[in-house]
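Here is the structure we will look at.
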Amino acid sequence: MTGRAPLIVVVAVLGATVGSARRASAAAGTAFAETSRVAALAGAVSARPGDAGSQLENPAGLADINEPVVLLNANAARLSQWFARNGEAQQDSSRWLGGFGFAAATPLPGPSWLRRFRVGMALDLPAAHVLRVAVSDRLDLPTSPIYDQRPDRVSALGTLAVSLLDRLNVGVGLAITPSLETPTTVGFVAGRDPSVERDVTVRLDRSMDLDAAPFLGVRAQPFDKLGLAVVYRASSISHATGNQRTVAGGVLDDDPVDYLAFWDPAQIVWGVAVGPFARWSLSLDATYNQWSRFRSGFDTSAVPPFKDTLRVSGGAEWKSNRWLTLRAGGGYEPSPVPDQYAESNYLGANTVYFAAGGGVDLRELLHAPLRVDGYLGARLGGTQNATKRASALSDADPNTPGQQIDNLGYPGFQSRSSLYQAGLTLTVFVGKEAR
Amino acid sequence: MKSGTARGLCATGVVAVLACGQGPPAPAPSAVINAMPTAVCAGDNFMTPIALDAKGSAAHLTLVYVPPPPGSPPLRYHWAFSGSATMVTAGDVNSDSVTVTMAGDRPLHVALTVSNSEGGSTTTTTTIDITPLDSSGNCPLAPVSGP
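Keeping their order, the protein sequence lines are chains A and B. Numbering (the numbering used here) for the first sequence: 1 to 435. Numbering (the numbering used here) for the second sequence: 436 to 582.
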């Protein structure tokens, strides 16, 4: 059980990391920003004892920590992505991703009932942008709802976990997602400048609001070598709202703007973990993703609608000795993107992913309160094929006889995406672990 | 299709950029495409000349086109095409106007990049649509005379 341990005052810093295409299983919620242990086990950690880096995967796992910890995380990834209309050359949209993460967690001190509680926080910060929302003026722009903007946002979360019973933990948390408020006013002040163009005035107001998405989880250990878990995570959506107001003499044009960034769907996770048996432990997670609620940037339903998916992942961990742990994991993630025969050109195909990594516990090796974990991983997507149906496309110019087709994906296209990741996580054990 | 959009295909709002030492960007020119015609029939097979004109572009963003002062540095143009196969029949891809024909099996996506002498550049796009033949196998579009 936990002995006395000082509370840690944590100054929120750092942020996002780039993580896997599935629900931002990051330290705090940014896509592809997992900590090394979580990534090496392919995210199948909900039923395993948790740590500060898996608060989003299952906040109940936080109740398993016995001393204050601080976790520093860094990720890098290479996204390989291309799009090609039938018979044309590939358009390459590959890019590098990366970021940093910070997490901390501690048991609460005090009387025994209070020591059953743990609190934690995490912050993810992309290496390039705090928040990036790209607003397109075309509804048919080839877009990946998985890879395009999800890695480019800061995220943060706070968690509270409690050991209700010796073998039952419950946790709740709140994930913070930023949104933009961008009212813009364009006016005209005659005579302000000899040049008529300089008589135009533009006022830009910007603010970043925060939306909160709750998540909660339960982890039970009915037997010494069997863990079970259920987790729920609400969807995560940002809005860029405001209005474009243009005033020119007696002319007023008031145009409201509400652009929506659908980061992650609501999810339910079921997990099971067994072991250790001869130093091996195995875990399996099944995640239901409610992608059918997906909305486009212009807050319209996708046509055809996205599909709910069930992702399956598994992980294995082997403790070779007291200071070295090896991990490996893999999974299969169906694509939520339906057949793109209509106006939209969403990119996505079924994906398999696998990872391997390990950790060195320097407490056992060098009597230093540190643990270093690392991983390498790959997400390999299949090739997407789409064929447009002219009858499902809108008329680009109703004023011209006949149907005008201008779709960027016509007459059909292929695409493929893969992500190669690496990460390093440093865990600092701040207090004395109660043995 | 929209034309003369100074920002090109996407307008990106970046709240914060973690970068140091970047000065203000070079003033951007205004890029404007005028296309005639804006649609051809499916299966055109390089029959219909399509005139693409960038003469409405300007050295800076402007609400109203103003002819450049005499002696001002010329703008630089570059046309790029994707989608339907094309043939340049008049002008060239680095001039302010060019005439092309297209196969007509799919839309032709045209990108115009205009650069000014201050280092600024703007890309705008337009699309030459295709019109499927009607049930009688005829083209619904009215005949278009050449440029």
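Every residue gets a Cβ at the ideal spot worked out from N, C-alpha and C, and that includes glycine.
Quiz item: In the DSSP assignment, what residue or residues form a beta bridge with E333 of chain A?
Solution: Along the first sequence, one-based indexing puts residue 333 of chain A at 333. For E333 of chain A, which the question treats as bridged, DSSP gives the partners A:T351.
Quiz item: L365 of chain A by DSSP, collapsed to three states: which one?
Solution: Position 365 of the first sequence holds residue 365 of chain A. In the structure shown, L365 of chain A sits in a helix (DSSP, three-state: H, G or I).
Quiz item: Which two residues bound the contiguous alpha helix (DSSP H) that contains S519 of chain B?
Solution: One-based indexing of the second sequence puts residue 519 of chain B at position 84. Run containing S519 of chain B: none; DSSP gives neither H nor E here.
Quiz item: Does A396 of chain A have its Cβ less than 8 Å from a Cβ in chain B?
Solution: The sequence position of residue 396 of chain A within the first sequence is 396, counting from 1. So yes, A396 of chain A belongs to the interface.
Self-check item: Sequence-distant residues of the same chain with beta carbon closer than 6 Å to Y353 of chain A, five excluded per side
Solution: Mapped onto the first sequence, residue 353 of chain A falls at position 353. Excluding residues within five positions, the ones whose Cβ falls inside 6 Å are G331 and R379.
Practice problem: Specify, as a first and last residue, the run of the beta strand (DSSP E) that V38 of chain A falls within. | Solution: Locating residue 38 of chain A in the first sequence gives position 38, where the first residue counts as 1. That residue, V38 of chain A, is in no beta strand (DSSP E); its alpha helix (DSSP H) goes S36 to A40.
Exercise. Determine, using beta carbons only, whether R85 of chain A comes closer than 8 Å to chain B.
Key: As a first step, residue 85 of chain A must be located in the first sequence, where it is residue number 85. For R85 of chain A, the answer is yes, since a Cβ of chain B falls inside 8 Å of its Cβ.
Quiz item: With a cut-off of 8 Å, does the C-beta of A401 of chain A fall near any C-beta of chain B?
Solution: As a working mapping, residue 401 of chain A is identified with position 401 in the first sequence. Per the sequence shown, residue 401 of chain A should be read as Pro rather than Ala. Chain B, which has a Cβ nearer than 8 Å to the Cβ of P401 of chain A, makes this yes.
Quiz prompt | Limits of the unbroken beta strand (DSSP E) element including Q403 of chain A | solution = Locating residue 403 of chain A in the first sequence gives position 403, where the first residue counts as 1. It is not in any beta strand (DSSP E) - Q403 of chain A carries neither H nor E in the DSSP assignment.
Self-check item: Distance CB(F83 of chain A)-CB(L347 of chain A) smaller than 8 Å
Solution: Start at 1 with the first residue of the first sequence, and residue 83 of chain A comes out as number 83. Start at 1 with the first residue of the first sequence, and residue 347 of chain A comes out as number 347. Going by C-beta atoms, F83 of chain A is nearer than 8 Å to L347 of chain A.
Quiz item: CB-CB under 8 Å to P222 of chain A, same chain, minus the five flanking residues each way: which ones, in chain order?
Solution: Taking the first sequence and counting its residues from 1, one reaches residue 222 of chain A at position 222. So the qualifying residues of the chain are R167 and L228.
Quiz item: Given 8 Å as the limit, is there contact between the segment 61-80 of chain A and the segment 391-398 of chain A, that is, 3 or more CB pairs closer than that?
Solution: no
Self-check item: L72 of chain A versus F298 of chain A: straight-line alpha-carbon distance, rounded
Solution: As a first step, residue 72 of chain A must be located in the first sequence, where it is residue number 72. As a first step, residue 298 of chain A must be located in the first sequence, where it is residue number 298. Their backbone Cα atoms lie some 37 Å apart in a straight line.
Self-check item: Supposed contact pair L576 of chain B and G402 of chain A - C-beta distance, whole angstroms, cut 8 Å
Solution: If you number the first sequence from 1, residue 402 of chain A lands on position 402. If you number the second sequence from 1, residue 576 of chain B lands on position 141. Contact flag correct, Cβ pair sits at about 6 Å.
Self-check item: Contacts that G406 of chain A makes with chain B (C-beta to C-beta distance below 7 Å)
Solution: By 1-based counting over the first sequence, the position of residue 406 of chain A is 406. For the sequence presented, residue 406 of chain A should be read as Asp rather than Gly. Result: M436, P542, T562 and D564.
Exercise. Report all residues from its chain with a CB closer than 6 Å to the CB of P214 of chain A; omit the five preceding and five following residues, and keep chain order.
Key: By one-based count along the first sequence, residue 214 of chain A stands at place 214. These residues qualify, in order along the chain: L174 and A234.
Self-check item: Cβ contact (3+ pairs, closer than 8 Å) linking the segment 271-289 of chain A and the segment 32-45 of chain A
Solution: yes
Quiz prompt | Closest by C-alpha distance to A220 of chain A, when choosing among A:Q414, A:R138, A:L164 and A:Y232 | solution = One-based indexing of the first sequence puts residue 220 of chain A at position 220. The shortest C-alpha separation from A220 of chain A is found at A:L164.
Quiz item: Roughly how many angstroms lie between the CA atoms of V231 of chain A and Q267 of chain A, to the nearest whole one?
Solution: For the purposes of this step, residue 231 of chain A is taken as the residue at position 231 of the first sequence. For the purposes of this step, residue 267 of chain A is taken as the residue at position 267 of the first sequence. If you take the alpha carbons of V231 of chain A and Q267 of chain A, they lie about 8 Å apart.
Quiz prompt | DSSP three-state assignment for W270 of chain A, whether helix, strand or coil | solution = Counting from one through the first sequence, the residue named residue 270 of chain A turns up at place 270. W270 of chain A falls in the strand class under three-state DSSP.
Practice problem: Measure from the C-beta of Y147 of chain A to each C-beta in chain B and report whether the shortest distance is under 8 Å. | Solution: Position 147 of the first sequence, counting from 1, holds the residue named residue 147 of chain A. Not an interface residue.
Quiz item: For E343 of chain A, which residues in chain B fall below 9 Å Cβ to Cβ?
Solution: Sequence index remark: in the first sequence, residue 343 of chain A carries index 343 (1-based). Going along chain B, no residue has its Cβ under 9 Å from E343 of chain A, so there is no contact; the nearest lies around 13 Å.
Practice problem: Return no unless some Cβ of chain B is closer than 8 Å to the Cβ of E57 of chain A. | Solution: Numbered from its first residue, the first sequence carries residue 57 of chain A at position 57. It does not: the Cβ of E57 of chain A has no partner Cβ on chain B nearer than 8 Å.
Quiz item: Taking the alpha-carbon positions, what's the A21 of chain A to A31 of chain A distance?
Solution: Position 21 of the first sequence, counted from the start, is the residue given in the question as residue 21 of chain A. Position 31 of the first sequence, counted from the start, is the residue given in the question as residue 31 of chain A. Low local confidence applies: a pLDDT of 35 at A21 of chain A is under 50, so the model's placement there is unreliable, with the coordinate-based value given in what follows. Straight-line Cα distance between these residues: approximately 6 Å.
Quiz item: Between V303 of chain A and the rest of its own chain, which residues show a CB-CB distance below 6 Å, the 5 nearest in sequence each way excluded?
Solution: Residue 303 of chain A sits at position 303 when you count from the first residue of the first sequence. Excluding positions up to five away in sequence, the list reads A342.
Quiz item: On the premise that S519 of chain B lies in contact with G506 of chain B, defined as a C-beta separation below 8 Å, what is that separation, rounded to the nearest angstrom?
Solution: Sequence index remark: in the second sequence, residue 506 of chain B carries index 71 (1-based). Sequence index remark: in the second sequence, residue 519 of chain B carries index 84 (1-based). Going by Cβ atoms, the distance from G506 of chain B to S519 of chain B rounds to 40 Å, so no, they are not a contact pair.
Quiz item: According to a CB-to-CB cut-off of less than 8 Å, which residues of the segment 457-474 of chain B neighbour chain A?
Solution: T473 and A474
Self-check item: Cut-off 7 Å between Cβ atoms - residues of its own chain near K438 of chain A, not counting five sequence neighbours on either side
Solution: Residue 438 of chain A lies beyond the range of chain A shown here (1 to 435); nothing can be said about it.
Exercise. Take D395 of chain A and list the residues in its own chain whose beta-carbon comes closer than 6 Å to its own, dropping the five residues that flank it on each side.
Key: Taking the first sequence and counting its residues from 1, the one referred to as residue 395 of chain A is at position 395. The answer, listed in chain order, is Q403 and Q404.
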